[in-house]
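Peer 1: The following block contains the structure, expressed as structure tokens.
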Amino acid sequence: MSTTPSQKSETEQRTEHEIKVREVTDYQATWTERARGAAGAFTIQLILDHGVEEYVLRPTAEDAEVLFSLLAGAENVNFDLDRKVLMFGSKRLRG
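Quick note: the sequence shown, position 56, residue 1242 per my numbering, numbers continuous.
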């Protein structure tokens, strides 16, 4: 039994939505002025799997500094959509 292009597309879409951990393939940082002289707001837009999904983080200035450092230094970054967890790189254990 073969599948039609329409059925295949539906199956692929369902599979895409079931994936909970995605690779961060790009990100865009922004800073927004809230009021003249007041603290601004950072956002970091995560582009997941080359645009399959996106997620926006709203870190504090202190957290943003740490996140930028981690993002810049990581070979690969993954994001768990369910738990809202960024995972920076993976190291192979000796043994």
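Beta carbons are placed, not taken as given, at the ideal position from N, Cα and C, and that holds for glycine.
What does DSSP give as the partner residue(s) for I1233 in the beta ladder?
Peer 2: Looking at the DSSP assignment, I1233 forms a beta bridge with D1212, E1240.
Peer 1: Taking 7 Å as the cut-off, is the CB of A1250 close to at least one heavy atom of the ligand COA?
Peer 2: Annotation note on the ligand COA: not contained in the displayed structure, which lists no ligands.
Peer 1: List the whole-angstrom C-beta distance separating I1230 from A1250, where the pair is believed to meet the contact cut-off of C-beta under 8 Å.
Peer 2: Contact flag correct, Cβ pair sits at about 7 Å.
Peer 1: Just mark R1269 as buried or exposed, buried being the case when its beta carbon has 16 or more other beta carbons within 10 Å.
Peer 2: Result: exposed.
Peer 1: Name the two residues that bound the continuous beta strand (DSSP E) containing L1272.
Peer 2: First-last of the beta strand (DSSP E) with L1272: 1271-1274.
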